[in-house]
Amino acid sequence: FDEEVYNYFTDYVLNQPADRLMWGAGRVEGHENLFATIKSLLDKYEEETPDLTTEIAALKAAEQNQKQLLEDSVKSETESVAQLTAQLKNLIQ
11 FDEEVYNYFT DYVLNQPADR LMWGAGRVEG HENLFATIKS LLDKYEEETP
61 DLTTEIAALK AAEQNQKQLL EDSVKSETES VAQLTAQLKN LIQ
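Throughout, my numbering is defined as the position within the sequence shown, counted from one, plus 10.
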């Protein structure tokens, strides 16, 4: 895809109003823009021994970002469930 098409659909998902049920604001977190990395990999596809140092570094950085996002999300959700559990216990007492 052309970068303009990529950006159009990325913006479509990420920049929605909060009242949209499917793609509302904040429903998709931690977007990694890997367009340039993927394009670079595609450009080097036919090379016999391409230097992929830059692409590997970009992908490793994106992986670390996503791992941190997952860790933060799980922590936040766990805290929310604990709070909800406490509230429900108070209701049934």
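From the three backbone atoms N, C-alpha and C, an ideal C-beta is built for every residue, glycine too.
- Message: On the CB-based measure, 16 or more other CB atoms within 10 Å of its CB, does Ala68 come out buried or exposed?
- Response: Looking at its Cβ environment, which holds 16 or more other Cβ atoms inside 10 Å, Ala68 is buried.
- Task: Might you give, ordered along the chain, the residues of its own chain that have their beta carbon closer than 7 Å to the beta carbon of Leu79, omitting 5 neighbours on each side?
- Result: Only Glu39 and Gly40 meet the Cβ criterion.
- Do you know offhand how far Pro60's Cα is from Tyr22's? One C-alpha to the other measures close to 34 Å.
- According to DSSP, is Tyr18 helix, strand or coil? Three-state result, Tyr18: helix.
- Query: Going by the CB atoms, is the gap between Leu52 and Thr65 shorter than 7 Å?
  - Reply: Here residue 65 turns out to be Glu, not Thr, going by the sequence shown. No.
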